[in-house]
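Remarks on the structure that follows.
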Amino acid sequence: MPVSTEPSAAAAAALADFEALRRQDPELAEILSGELNRQSDSLQLIAAENFTSPAVLAALGSALANKYAEGYPGARHHGGCELVDVAERIAVDRAKALFGAEHANVQPHSGSSAVLAAYAALLRPGDTVLAMGLPHGGHLTHGSPANFSGRWFDFVGYGVDADSGLIDHEQVRALARTHKPKAIVCGSISYPRHIDYAAFRAIADDVGAYLIADAAHPIGLVAGGAAPNPVPYADVVCATTHKVLRGPRGGLILCGEDLAERIDRAVFPFTQGGAQMHTIAAKAVAFGEAATPGYTAYAHQVVANAKVLADCLAGEGFHLTTGGTDTHLIAADPAPLDADARTARGLLAGAGIVLDTCALPYGGAVYVGVGDARGLRLGTAALTTQGMREAEMARIAGLFSAALREDGGERAVRVREEVRDLARRFPPYPDR
Ligand SMILES: *Cc1c(COP(=O)(O)O)cnc(C)c1O
-17 MPVSTEPSAA
-7 AAAALADFEA
3 LRRQDPELAE
13 ILSGELNRQS
23 DSLQLIAAEN
33 FTSPAVLAAL
43 GSALANKYAE
53 GYPGARHHGG
63 CELVDVAERI
73 AVDRAKALFG
83 AEHANVQPHS
93 GSSAVLAAYA
103 ALLRPGDTVL
113 AMGLPHGGHL
123 THGSPANFSG
133 RWFDFVGYGV
143 DADSGLIDHE
153 QVRALARTHK
163 PKAIVCGSIS
173 YPRHIDYAAF
183 RAIADDVGAY
193 LIADAAHPIG
203 LVAGGAAPNP
213 VPYADVVCAT
223 THKVLRGPRG
233 GLILCGEDLA
243 ERIDRAVFPF
253 TQGGAQMHTI
263 AAKAVAFGEA
273 ATPGYTAYAH
283 QVVANAKVLA
293 DCLAGEGFHL
303 TTGGTDTHLI
313 AADPAPLDAD
323 ARTARGLLAG
333 AGIVLDTCAL
343 PYGGAVYVGV
353 GDARGLRLGT
363 AALTTQGMRE
373 AEMARIAGLF
383 SAALREDGGE
393 RAVRVREEVR
403 DLARRFPPYP
413 DR
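Sequential numbering from -17 applies to the sequence shown in the numbering used here.
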């Protein structure tokens, strides 16, 4: 059946109709608009968050949300996939071009699903895997006992140097030689420095292991040329599309032709069912945006902002892991300000500064233990999308220490108002 792509009346009136939702379900509509207000009136420093464009949101709220599409373009288990096949091919081609990869799978529902599929493609239950230990910045999928990874594989954790906070490649090599892992994972949720993919490749080759780069955080910087690209070094690169990359919530896998079929089968049918075609279309839109000079400038500004914010926070007395950052991400110990991380996160949230706590690998020189969230993890991806630059970063660092020193009274109200004024000068969706 020939398919018309002429704009329909429904599309012209926008399928995602907020007024219809408000009439039909005011309770939920109020939550949706309240959340937009919260995001617009406070400062989002959660390192994994960003503001997607209205174009990405349009794809997410489109008729593709209705479509079932198990399988891959040209080989689906459902009828009517003519147009969604084209959308997925566009997403795949744009991802391959953006990252210089031979193969891309754009179907993983999340970063964790991407990692699950990578393990499923390369490993058998019980295999040994070497990854960054969780207290040092590894992700749940890097061997947490609470996650499938820790249950099904035998994980060995490497760490960072106690003094420098940097990855200790000699330790990684020694552990690899001792444990002979089937795969080595490089990538972290809180490591603020570039990963030396060539060094990991050499270690993996030394022991005959696969190298999996979990680039969920830096992949958006890679797209903008502001961080090294793992694709030439890793056998498989896992990523998210919703962090610095600024696309819809989802996952992505990149690999060479040699592993393409195994990766595709590991995603569907091994670990997932029907592809989410609205999200895949939104990924295509985001990859298109990320290929523009404007995005390249954005990615570099994200890093420039993080460097200034890091310097200014250090100036306010925070102790920074590795002493600073190469990326969008900062891990800070608030202890020198007489604040523990959980209390600090609460005080900052009260002031409208939203961020995470994270594990810190060492307390002074003494390792303290798993699950100890003594650090604050923050990032500049969302603030930079709003158009904030170096001057705003310096101001935000000042607001950090003001919020931690506030007395719960008038001073707290003043800090909250200053944060709101700053946020409102940089609306994430200026035309709304
Ligand atoms: C964010 C992240 C993930 C998981 O992404 P989800 O979409 O939350 O499942 C995996 N690995 C690393 C290193 C991450 O930073």
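All C-beta atoms, glycine included, are put in the ideal place defined by N, C-alpha and C. Since this is a predicted model, take the numbers as computed values, not measurements.
For residue j and residue i, believed in contact at Cβ under 8 angstroms, the rounded distance
i: R324; j: A29; result: In fact, because the Cβ distance is near 17 angstroms, the residues do not count as touching under 8 angstroms.
i: G233; j: D196; result: That belief does not hold up - the Cβ atoms of G233 and D196 are roughly 11 angstroms apart, past 8 angstroms.
i: V226; j: S24; result: That pair is no contact at about 20 angstroms.
i: H121; j: L203; result: Contact doesn't hold; Cβ gap of about 17 angstroms is too wide.
i: E52; j: G238; result: E52 to G238, Cβ: 25 angstroms. No contact.
i: G463; j: T278; result: Because the chain spans -17 through 414 in this model, residue 463 falls outside it and cannot be assessed.
i: V167; j: V111; result: 6 angstroms
i: V142; j: H124; result: 14 angstroms between Cβ atoms; not a contact.
i: T362; j: A263; result: Going by Cβ atoms, the distance from T362 to A263 rounds to 28 angstroms, so no, they are not a contact pair.
i: I194; j: D217; result: 7 angstroms
Three-way DSSP call (helix, strand, coil) for residue i in this model
i: L337; result: coil
i: Q26; result: strand
i: I171; result: coil
i: E(-12); result: coil
i: A83; result: coil
i: Y411; result: coil
i: I429; result: The structure shown does not extend to residue 429, since the chain is modelled only from -17 to 414, so the question has no answer here.
Best match in the options for proximity to residue i [C-alpha to C-alpha]
i: G369; options: A40, P410 and E400; result: P410
i: P36; options: A268, D7 and E392; result: A268
i: D161; options: D188, G270 and A333; result: Sequence check: residue 161 is His here, not Asp. If we check each option's Cα against that of H161, D188 comes out closest.
i: K78; options: A209, L157 and I235; result: I235
i: N301; options: N287, P318, V285 and A288; result: Note that residue 301 is His in the sequence shown here, rather than Asn. The shortest C-alpha separation from H301 is found at P318.
i: N(-2); options: G43, Q21, L18 and S22; result: Note that residue -2 corresponds to Ala in the displayed sequence, not to Asn. Nearest of G43, Q21, L18 and S22 to A(-2), Cα basis: G43.
Status (buried if at least 16 other CB within 10 Å, exposed otherwise) for residue i
i: R72; result: Before going on, a small fix: residue 72 reads as Ile here, not Arg. Burial call: buried.
i: Q421; result: Only positions -17 to 414 of the chain appear in the structure, and residue 421 is not among them; the question remains open.
i: F252; result: exposed
i: G115; result: buried
i: H60; result: exposed
i: F0; result: exposed
i: N48; result: exposed
i: V249; result: buried
i: A186; result: buried
i: R338; result: This sequence places Asp at residue 338; Arg is not what is there. Buried, by the Cβ-count rule.
i: A292; result: buried
i: L422; result: One cannot answer for residue 422 here, as it falls past the ends of the chain, which runs -17 to 414.
i: A347; result: For A347, the predicted model reports a pLDDT of 38, less than 50, meaning its position is unreliable and no value from the coordinates is stated.
i: D413; result: exposed
i: E392; result: exposed
i: A57; result: exposed
i: S(-14); result: exposed
Any non-hydrogen atom of ligand 1 closer than 7 angstroms to residue i Cβ
i: G446; result: Within the shown structure, residues of the chain are numbered from -17 to 414, placing residue 446 beyond reach of any answer.
i: L97; result: The question names Leu, but residue 97 is Val in the sequence shown. Yes, the Cβ of V97 comes within 7 angstroms of a heavy atom of ligand 1.
i: H199; result: yes
i: H151; result: no
i: T278; result: no
8 angstroms Cβ cutoff, residue i in contact with chain B
i: A99; result: No chain B is part of this structure, which consists of one protein chain only.
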